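Right, one structure below, let's go through it.
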Ligand SMILES: Cc1cc2nc3c(=O)[nH]c(=O)nc-3n(C[C@H](O)[C@H](O)[C@H](O)COP(=O)(O)OP(=O)(O)OC[C@H]3O[C@@H](n4cnc5c(N)ncnc54)[C@H](O)[C@@H]3O)c2cc1C
Ligand code: SF4
Ligand code: SF4
Ligand code: SF4
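Residue numbers (this note's numbering), protein chains in the order written: chain A, 166 to 600; chain B, 28 to 271; chain C, 5 to 348; chain D, 4 to 273.
Here you go:
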């Protein structure tokens, strides 16, 4: 088998990446996951900016998880400036993170992955054969967006997330609307799971020992706050304080990538839905656990293709967990709150789970509240190395199975897509350097 | 026959595409009544060889190697719309021009070919752009209106009045009445003024109206550091004005 | 119809208003942060009769910022559906005066059925001014003209409200509350209150409107216009917030079928750059008020002089909204008028 | 109450292109009782695109047929240019004040038309020719930038030879085969003596008015005998939208035809 495979601008992923494979006489000469997204230099951009503007700038790193970027950014800014947020703000932020997690997962499951499982090049041709699936996807995507928009203003580049809380606090009517949306989404999610279970067998079988990294706080399935934990296939867990984050996500630049790669214990690591699932299975909402059982997922699950399935499980968790929080807020009543002012100036750091994994922002501010330096570590960056290693392990297997070139291409693309890589995001930060 | 439309992206966050996926089933299906999507990398694997009726381009032009791709798109398209402020103005990407040594700052001393990036410029700096749909991100309703107009062969309406007009329609309390500053006075409307409405200032993400009164703005916003706001999304436009 | 006077006890007001709310749509002043807006009221507690001035005038309820003129399809055009009856409650006299002007302007020549049918369905109930806005000058502008188009008027007096009815629509409200015929002291007290408040505005014009009109007109070519308008952003705020501004743009919108759709009008403003611009073809344009000061001057002329013959007085009611909301603070009619009246 | 924004229907019977940019439409209305005066206009449009003010270009004597000329300059006019014969078109009107033809009757008439200004005046020209005996001398000055921009070629060749009309034309920039006068429109006043008791109608680009007025006052024609046809941005055509306001006048309802004496002291009018 002699083959040169180059997939330029791989489709149905966020951002631009290429897959390069050279096979000679059945031997792999080169496998490369190449990141070609244009670099954008956000760390430089926020320098000299007032703390009230920073989150709105870093939100522009990524249009898919801009809520996550905004929340992480204001959280780091609050840490740097000694701004203490209220409990209400924290709950609202948690609901908001759920909404984005849900929103982004739905986009990934339906628009990016489903076509592969249904054997279509995109979601649009499905309008012919599986119209209700497409309409359901659009409906769910829009409802999820509305859910987030009630709290964040816009979900792409939020208008209401500011250091200290929310520039406009939702009213009781708003919360009732969120509840209504969630209740409308639950049956749609059930149908989604039904659809998913009919195509489970289309997901390739492939396992590789991997180090999974996620937030952990021993109380909940954490998105907003926690320490960093990794779990190996053996079940061995290690906990790291947030400040050690940079050390356990050793970053390195590679020549073929505008994004940087990371590694910890093994030569690569994975973050995202499957990593969270493996680390925090016990804290999933019972409804989500039921679904996991039905779909046959137990921790530690080491097939990266099942990241999509883990996302579906998280969707269920996000719905029920949010519903409980919203109902509690409605019952206890929502209060108008003043936005607290800075009490100090200095450095601050925040880690938050966003749809694709752990996101870290770190800033330093001067006495007037202007930004002196910034650093962000993006989840997809942490996965790039794992994608590369997975491809290296998966390719020989595919060659042994003697699959056609087209099949090989498709399978590699599916592997990349399973990670839901957000490449546009991952190219904007690299080096920590405070001036 | 349905018009063929396509979406392309360059240096950007892809948020404008995401906004399209938020249209909802009714509007999306409605749009598909009028048009056929022929290329949309983020959600489609299909590619087309045929002429495209309308190409929507997102993202700014920030490195030489993208030039050829842009020229090819222009050749294949009857109408080119730059959508999103990255594409129409250079957008937030151009903010880096305000900073010395931006490349070294982010990527250290690494000097790989792939990192090469020049100034972030609007798409119109490379190819002829027929219409601009401003915004960071775009306003979905404005997109729909423009899409329908273009499909119907109608000259789309692009507002040339400031955001304040839409703020009034929303009956938002002006930021200045709250002793804060805002760029809505010089920013091109069309977004529906969501920022002041939600409690944050307008930062002119859609660029300026044709004749912004920047001298007056500098009298209204006296603080030099606050005046830096004028470079947030409108760095390229300001550079032009500063040169004059 | 003759004018009748009733009295409603303070303690009976809540019951009255709650009943009114139950019977149909009621729009009234409510708080928005530290400011006020007219909005649909859902409960009594929202009503703020102690408001000073609202951000937008109540005209928005009769002539909204965006309004359908017709629906179209292959078969032709169809008028929009008629709106529901509504009550506009708590309107200050200056805003009623402004609505009177709109009534006249939309009625003359070709009566505008879109406006007039909405107007007919609106019961306007005025209320006395309990708090004076910082930039008000309604006490001294077009003094010889009083409000006319309202159906009833509430004045807060000792222990309750004097309710004055001018029309049958105004009388209809009586059935919702424990109204009693008012006695002459109560009537006198209300009259006195409404008269005295006229002297309390923070800003004041000391000239009568025809002198102002004449002087401002004579100064059409004055270099002062350019100086006054130097900081103008052409933002149109002074137009949008003015109760007597009514200019509009018309645009068509297709539905997804590419066949049906609507023709709508939107508020427009003579301060906006393209307001008087025409296209001549071959890329050429002509803007009849292309310069900032020309547009600025046009509004000032319109408020002080142009419409005076038609309206019997100036097209400004002194609400002070433009004064308050113009960011560079150059739109205040009092200041503009003063600059011309006081130069020698 | 009638909704004044609801338009009526007309059928396009014929489209010819006077130039690349100017479409000449022959329309037919079936409604009985529809009539207008020369100088009035309609708001004509297409659903989904909008409406624009366009003057009548033919005499009301030819109803139920009437003509308009639309220059392609933008959104609505561009859409009208894409229509075909037998298509429907919608319009509201007649709107505005036309020429006071009763006042003009029994008098000498001079029409000064520049460029596209010939279209709205053509309704008056036709009207005068149709009722020629009601008027005394009839002079028409027509100026364009180039010979190619001359509209209504067929009419022009008729008028050149007709006794009923003294037709004088000029161009700013001649083509090689141009045999007529060269120069701005006021140069025609040197060629043709104008009776001081004439009634004059001026219609053309704004800049033209000043120069023509200077000539007329030289001849001694009183300003109240001069009619001008003004153009302003318009949206409603019924005196509401405010765009066409000049001072205390609305061009759409008080005009578009004004006596010069009415507007000469009106700032921003000319
Ligand atoms: C009384 C009157 C009679 C006219 N008669 C004719 C005629 O016989 N033939 C002809 O070709 N043109 C005539 N015009 C000019 C014609 O109305 C404009 O060319 C037309 O409005 C341009 O509209 P558009 O949508 O194609 O252009 P755009 O540039 O897209 O214009 C947008 C809008 O601006 C307004 N507008 C732009 N230009 C003008 C203008 N010149 N006059 C008025 N409103 C304008 C309109 O409301 C228009 O819808 C007349 C204008 C007036 C006021
Ligand atoms: S808040 Fe900003 S956009 Fe709104 S009116 Fe004030 S200056 Fe204008
Ligand atoms: S006068 Fe003031 S409110 Fe009016 S357009 Fe100018 S800046 Fe805006
Ligand atoms: S001009 Fe100003 S003060 Fe007068 S009515 Fe209008 S907004 Fe009120």
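Even for Gly, the Cβ is constructed at its ideal location relative to N, Cα and C. Please read these numbers as outputs of a predicted model, since none were measured by experiment.
Could you give the DSSP three-state label for residue 141/B: helix, strand or coil? For this step, residue 141/B is matched to residue 114 along the second chain. Bear in mind that a pLDDT of 47 at residue 141/B, under 50, signals an unreliable position, so the model cannot answer this.
With a cut-off of 8 angstroms, does the C-beta of residue 250/B fall near any C-beta of chain A? One-based indexing of the second chain puts residue 250/B at position 223. No - not a single Cβ of chain A is within 8 angstroms of the one on residue 250/B.
Run through the segment 267–351 of chain A for me and flag every whole beta strand (DSSP E) of 3 or more residues, listed as ranges in chain order. none
Could you compute how far the alpha carbon of residue 65/C sits from the alpha carbon of residue 48/C? Taking the third chain and counting its residues from 1, one reaches residue 65/C at position 61. Taking the third chain and counting its residues from 1, one reaches residue 48/C at position 44. Their backbone Cα atoms lie some 19 angstroms apart in a straight line.
Proximal chain D residues relative to residue 169/B, where beta-carbon distance stays under 9 angstroms: In the second chain, the residue the question calls residue 169/B occupies position 142. Those do not exist, as residue 169/B stays about 17 angstroms from chain D at its closest Cβ, beyond 9 angstroms.
Report whether the distance from the Cβ of residue 325/C to the nearest heavy atom of ligand 2 is below 7 angstroms. Mapped onto the third chain, residue 325/C falls at position 321. Outside the cutoff, so no.
Once the 5 residues before and after residue 405/A are set aside, which same chain residues still bring their CB inside 7 angstroms of it? Here residue 405/A refers to the residue found at position 240 of the first chain. Excluding positions up to five away in sequence, the list reads 392, 393, 413.
Nearer than 7 angstroms: is that true of the beta carbon of residue 451/A relative to any heavy atom of ligand 2? Here the question's residue 451/A lines up with position 286 in the first chain. No; taking the cut-off as 7 angstroms, the Cβ of residue 451/A has no heavy atom of ligand 2 nearer than that.
Starting from the C-beta of residue 81/C, find all residues in its chain whose C-beta is less than 6 angstroms away, skip the five residues before and the five after it, and write them out in chain order. Within the third chain, numbered from 1, the residue matching residue 81/C stands at position 77. 74.
Could you say if the segment 157–164 of chain C and the segment 123–140 of chain C meet the contact criterion of at least three C-beta pairs nearer than 8 angstroms? yes
Within 8 angstroms of chain D by C-beta, residues of the segment 98–113 of chain C in sequence order: 109, 110, 112, 113
Proximity test, residue 20/D beta-carbon vs ligand 2 heavy atom, cut-off 7 angstroms: Residue 20/D sits at position 17 when you count from the first residue of the fourth chain. Checking the Cβ of residue 20/D against ligand 2 gives no.
Cβ of residue 223/B versus every heavy atom of ligand 5: is any distance shorter than 7 angstroms? No copy of ligand 5 appears in this structure; the ligands present are ligand 1, ligand 2, ligand 3 and ligand 4.
Kindly indicate the opening and closing residues of the beta strand (DSSP E) around residue 82/B. Taking the first residue of the second chain as position 1, residue 82/B is located at position 55. First-last of the beta strand (DSSP E) with residue 82/B: 79–85.
Which residues bound the beta strand (DSSP E) around residue 267/C? Position 263 of the third chain, counted from the start, is the residue given in the question as residue 267/C. Unbroken beta strand (DSSP E) run through residue 267/C: 265–271.
Mind checking residue 63/C: buried by the 16 CB within 10 Å criterion, or exposed? As a working mapping, residue 63/C is identified with position 59 in the third chain. Flag for residue 63/C reads buried.
Is it the case that the Cβ atoms of residue 201/D and residue 224/D are separated by a distance below 8 angstroms? Working through the fourth chain from its first residue, we reach residue 201/D at position 198. Working through the fourth chain from its first residue, we reach residue 224/D at position 221. Contact: yes.
Given 8 angstroms as the limit, is there contact between the segment 296–310 of chain A and the segment 44–51 of chain B, that is, 3 or more CB pairs closer than that? yes
Would you call the CB atoms of residue 326/C and residue 242/C closer than 8 angstroms? For the purposes of this step, residue 326/C is taken as the residue at position 322 of the third chain. For the purposes of this step, residue 242/C is taken as the residue at position 238 of the third chain. For residue 326/C and residue 242/C, yes; Cβs fall inside 8 angstroms.
Residue 253/C versus 257/D, 245/D, 158/D, residue with shortest Cα-Cα distance: Reading the third chain from its first residue, position 249 is the one you call residue 253/C. Looking at the Cα atoms, 245/D is the closest of the given residues.
Beta-carbon gap between residue 164/B and residue 321/A smaller than 8 angstroms: Here residue 164/B is taken as the residue at index 137 of the second chain, counted from 1. Here residue 321/A is taken as the residue at index 156 of the first chain, counted from 1. Taking 8 angstroms as the Cβ cut-off, residue 164/B and residue 321/A qualify as a contacting pair.
For chain A, find out if any of its Cβ atoms is closer than 8 angstroms to the Cβ of residue 138/B; answer yes or no. In the second chain, the residue the question calls residue 138/B occupies position 111. Unreliable positioning characterises residue 138/B in this predicted model, as indicated by a pLDDT of 48, which lies under 50. The coordinate reading is nonetheless provided below. No, its Cβ sits nowhere closer than 8 angstroms to a Cβ of chain A.
So, is the C-beta of residue 152/C closer than 8 angstroms to a C-beta in chain D? To locate residue 152/C, count along the third chain from 1; it is residue 148. It does not: the Cβ of residue 152/C has no partner Cβ on chain D nearer than 8 angstroms.
For residue 342/A, which residues in the same chain have their Cβ closer than 7 angstroms to its Cβ, ignoring the five residues on either side in sequence? Here residue 342/A refers to the residue found at position 177 of the first chain. Answer for residue 342/A: 315, listed in chain order.
Neighbour-count burial assignment, residue 144/C, 16 or more Cβ in a 10 Å radius: The sequence position of residue 144/C within the third chain is 140, counting from 1. Buried, because 16 or more other Cβ atoms sit within 10 Å of the Cβ of residue 144/C.
Rounded to whole angstroms, what is the Cα-Cα separation between residue 46/D and residue 219/A? On the fourth chain, residue 46/D is found 43 positions in, with the first residue counted as 1. On the first chain, residue 219/A is found 54 positions in, with the first residue counted as 1. Computed Cα separation, rounded: 51 angstroms.
On a CA-only basis, which of 188/A, 474/A, 309/A is nearest residue 262/A? Give me that one, please. The residue given as residue 262/A occupies position 97 in the first chain. With distances taken between Cα atoms, residue 262/A lies closest to 309/A.
In whole angstroms, give me the CA-to-CA distance for residue 371/A and residue 548/A. Here residue 371/A refers to the residue found at position 206 when the first chain is read from its first residue. Here residue 548/A refers to the residue found at position 383 when the first chain is read from its first residue. One C-alpha to the other measures close to 17 angstroms.
Residue 249/C CB to nearest heavy atom of ligand 2 below 7 angstroms: Here residue 249/C refers to the residue found at position 245 when the third chain is read from its first residue. No.
Who are the near neighbours of residue 183/D in its chain, counting only those whose CB is closer than 6 angstroms to its CB and skipping five residues on each side? Along the fourth chain, one-based indexing puts residue 183/D at 180. 172.
Using only the alpha-carbon positions, how far apart do residue 514/A and residue 408/A sit? One-based indexing of the first chain puts residue 514/A at position 349. One-based indexing of the first chain puts residue 408/A at position 243. Cα-Cα distance, rounded: 8 angstroms.
Under 8 angstroms between C-beta atoms, does residue 50/B make it to chain A? Here residue 50/B refers to the residue found at position 23 when the second chain is read from its first residue. Judged by the 8 angstroms Cβ criterion, residue 50/B is in contact with chain A.
Could you list which residues in chain B have their beta carbon closer than 7 angstroms to that of residue 241/C, in chain order? Position 237 of the third chain, counting from 1, holds the residue named residue 241/C. Chain B residues near residue 241/C: 191, 195.
Taking all protein chains shown into account, decide if residue 399/A is buried (16 or more other Cβ within 10 angstroms of its Cβ) or exposed. Residue 399/A sits at position 234 when you count from the first residue of the first chain. Exposed: under 16 other Cβ atoms inside 10 Å.
Proximity of residue 107/B and residue 154/B at Cβ, strictly below 8 angstroms: As a position in the second chain, residue 107/B is number 80, starting the count at 1. As a position in the second chain, residue 154/B is number 127, starting the count at 1. Cβ distance < 8 angstroms, so residue 107/B and residue 154/B count as in contact.
Using DSSP's beta-bridge definition, name the partner residues of residue 195/A. If you number the first chain from 1, residue 195/A lands on position 30. Looking at the DSSP assignment, residue 195/A forms a beta bridge with 187/A.
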